[in-house]
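Going down the list, the protein sequences come from chains W and A. Mapping the first sequence onto numbering that gives the first Met the number 0, position 45 (from 1) lands on 44, and the numbers just tick up by one. Mapping the second sequence onto numbering that gives the first Met the number 0, position 113 (from 1) lands on 112, and the numbers just tick up by one. Ideal Cβ placement from N, Cα and C applies to all residues, glycine included.
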Amino acid sequence: MKKNPVIFLFALCPLVPVSARFGYALVMALALCWYFLTGIAFRELVKKLDLSSAGPTVELVALAFSATVYYLILRWMIPTLAVSLGLYVFVSAFSYLLLLGIDTFSSDSLESIPLMQFVPTLILFSAVRELLGFGTISLPVPEGLMVVPVLPGFSSYGIRFWGTTGGAFILLGVLAWAAKYFHRRISSFRRNA
Amino acid sequence: MQYVDILFFYAFSCSVLWAYGIGLEKTFFDSRNGSRFMVRMPILFAQTLIAGFAIFELNSRVLLPHGLFVLIPMATILVCSLVRMVISLALPPTAQDFSTGERVFFFGTVFLATSEGASLGNSLAIALASVLAFAFSTVLLFSVRERIATADVRADWKGAPLILVSMGLLAIGMHSADVSWWIQEAFR
C-alpha cells in the first residue's frame, strides 16, 4: 500500500456532500468501521478458499454486500436517515476502497489501513463544517437528526458556504496546507534541536 | 432536449465528480504530466456504456420485478468486473489500468447512472455525461497545474493544497451553470 497523504485526503471526497452535517458523518464513520470489520472476515474467507485471481473481485462483491447489509440495518433503525443518505451509504464503500490502497486492493497488511486516522478526521472535518456553516452540531436519533445549537446567531449569520461542496474543497485545501506547514516547521525544529 | 438537459446537468451541475466526489482522486493523478489519460478515455467510455447497459437491463428485467433490489450493488460489481475483464483481454498491456482510482470511478459512475436513470436512455446519458465530466475536469486541472508550476507561490501551498482550493472554485463554477439566469434564459 502506498502511504500517500493525498490519497487519504481524496478518500474524504466521496463523503464531502454528506459531511456537511456531523450526524451524517457519524453514520458514515460507523459504515467505514463496519466495512473494515466485515472486510477482515471476508478476506480470511477468500484466503481459505484460495481463489487466486478471482480474490479481489470476490472481496469487492463482499464489500458491496457489507454496504447493503449496513443500509438495511440503517433503514430498520433510522429510516429517515436511510432515505436522506440512500446512495451515499454505497458511495462510502468507494471511499473505503480508496483508503484500502491504490494498486494492491487485496493487501495482506490490514494493520496498515489508515482507518484509525481517517475516521477521526472525517468526524472532525464535519464538525468544523457544521459549526462554521450553521453554528450547530447534529446527532442521529431514530426520528432523523437532532440539531443542537452551539454557536448562537450562526443559524442566521453563519457562513453556509462551508456547507457546500466548493466550500468543503477549499477547507480541505487549507487543512492540507496547514498539515504541510506544521510538518515542515516540526521537522526543521527537530533538526535544529 | 431531455437528453441534452441530462448531459448538461450530469456533466457540469451535478457531476459524479463535483457532486458525489467519485473519481476526484483519479482526476488529480491523471491531470499530471505524462498520464495516460487520453489513451484511457475511449476505453473508459466503452466500458461505462457497456456495463451501464448490461446492469440496467439486469436490474429492470430480472432483479426489480422479482423484488431482489438488495442484490443490485453486488450485481453491479460483478457485471462491472466482468466487463472490465473482457475489455482488458482485448487491449494491449500498455492501454490497461488496474488502479483502484479507475476502478472506483468506473463502479461509481455505473452505479450512479443505473440508480438515477429512470430509463435505459437516461442511464446511458448519465454514464456518458459522467465520463465527459471527468474529461473536462482533468483537462481543467491540467491547465491549473500548468499555471501553478510557473506561478510564484509558497512551497507549502504547492501540490495538493492549491489543487484542492482550485477544485473548490471549479465546483462552484460548475454548479453556477445550474443557477445562473442567463443559461436558463438561453434554454427557455
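Where does residue i sit, in a helix, a strand or coil, going by DSSP?
i	result
residue 105 of chain W	Unreliable placement is indicated for residue 105 of chain W, whose pLDDT of 45 sits below 50; no coordinate value is reported for it.
residue 163 of chain W	coil
residue 91 of chain A	coil
residue 77 of chain W	coil
residue 76 of chain A	helix
residue 186 of chain W	helix
residue 15 of chain W	coil
residue 143 of chain W	strand
residue 137 of chain W	strand
residue 160 of chain A	helix
residue 0 of chain W	Confidence is the limiting factor: at residue 0 of chain W the pLDDT is only 41, short of 50, which leaves the residue's position unreliable and the question unanswerable from this model.
residue 148 of chain W	strand
residue 50 of chain W	coil
residue 13 of chain A	coil
residue 64 of chain A	coil
residue 155 of chain A	helix
residue 117 of chain A	coil
residue 41 of chain A	helix
residue 173 of chain A	helix
residue 150 of chain A	coil
residue 18 of chain A	coil
residue 33 of chain A	coil
Would you call residue i buried or exposed, if buried means 16 or more other Cβ atoms sit within 10 Å of its Cβ?
i	result
residue 117 of chain A	exposed
residue 17 of chain A	buried
residue 142 of chain W	exposed
residue 66 of chain A	exposed
residue 45 of chain W	buried
residue 54 of chain A	buried
residue 46 of chain A	buried
residue 9 of chain A	buried
residue 20 of chain W	buried
residue 75 of chain W	exposed
residue 25 of chain A	buried
residue 19 of chain A	buried
residue 190 of chain W	exposed
residue 39 of chain W	exposed
Going along chain A, which residues have a C-beta under 7 Å from residue i?
i	result
residue 176 of chain W	155, 156 and 160
residue 86 of chain W	114
residue 60 of chain W	73, 76 and 77
residue 56 of chain W	80
Give a yes or no on whether the C-beta atoms belonging to residue i and residue j are separated by under 8 Å.
i	j	result
residue 6 of chain A	residue 123 of chain A	no
residue 15 of chain W	residue 24 of chain W	no
residue 54 of chain W	residue 138 of chain W	no
residue 166 of chain A	residue 168 of chain W	yes
residue 188 of chain W	residue 117 of chain W	no
residue 10 of chain W	residue 160 of chain A	no
residue 113 of chain A	residue 96 of chain W	no
residue 180 of chain W	residue 151 of chain A	no
residue 23 of chain A	residue 12 of chain W	yes
residue 73 of chain W	residue 62 of chain W	no
residue 69 of chain W	residue 30 of chain W	yes
residue 86 of chain W	residue 69 of chain A	no
residue 135 of chain W	residue 119 of chain W	no
residue 30 of chain A	residue 141 of chain A	yes
residue 52 of chain A	residue 119 of chain A	yes
residue 170 of chain W	residue 161 of chain W	yes
residue 80 of chain A	residue 59 of chain W	yes
residue 21 of chain A	residue 133 of chain W	no
residue 50 of chain A	residue 78 of chain A	yes
residue 165 of chain W	residue 147 of chain A	no
residue 123 of chain W	residue 158 of chain W	no
residue 130 of chain A	residue 44 of chain A	yes
So which residues on chain W does residue i lean against when the C-beta distance must stay under 8 Å?
i	result
residue 142 of chain A	The premise fails here: residue 142 of chain A is roughly 17 Å from chain W at the closest Cβ pair, so nothing lies under 8 Å.
residue 44 of chain A	Neighbours of residue 44 of chain A on chain W: none; closest Cβ ~20 Å, over 8 Å.
residue 163 of chain A	8, 168, 169, 171, 172 and 175
residue 107 of chain A	13, 90 and 93
residue 69 of chain A	67 and 71
Quick one: list the residues of chain A neighbouring residue i, beta-carbon separation under 9 Å, in chain order.
i	result
residue 16 of chain W	18, 19 and 20
Name the chain A residues that come within less than 8 Å of residue i, Cβ to Cβ?
i	result
residue 166 of chain W	167
residue 180 of chain W	155
residue 188 of chain W	Residues of chain A passing the Cβ test: none, with the nearest at roughly 15 Å.
residue 63 of chain W	72, 73, 75 and 76
My guess is that residue i and residue j are in contact by the Cβ rule of under 8 Å, so how many angstroms apart are they, rounded?
i	j	result
residue 126 of chain A	residue 108 of chain A	6 Å
residue 75 of chain A	residue 106 of chain A	7 Å
residue 133 of chain A	residue 104 of chain A	7 Å
residue 71 of chain A	residue 58 of chain A	6 Å
residue 197 of chain W	residue 169 of chain A	Residue 197 of chain W is absent from the structure shown; chain W starts at 0 and stops at 192.
residue 66 of chain W	residue 89 of chain W	5 Å
residue 64 of chain W	residue 73 of chain A	6 Å
residue 121 of chain W	residue 26 of chain W	Not really, about 11 Å apart at Cβ, beyond 8 Å.
Strictly below 7 Å CB to CB, what residues from chain W border residue i?
i	result
residue 218 of chain A	Nothing can be reported for residue 218 of chain A, as the shown portion of chain A is limited to 0 through 187.
residue 89 of chain A	The contacting residues do not exist; residue 89 of chain A stays about 18 Å from chain W at best.
residue 23 of chain A	9 and 12
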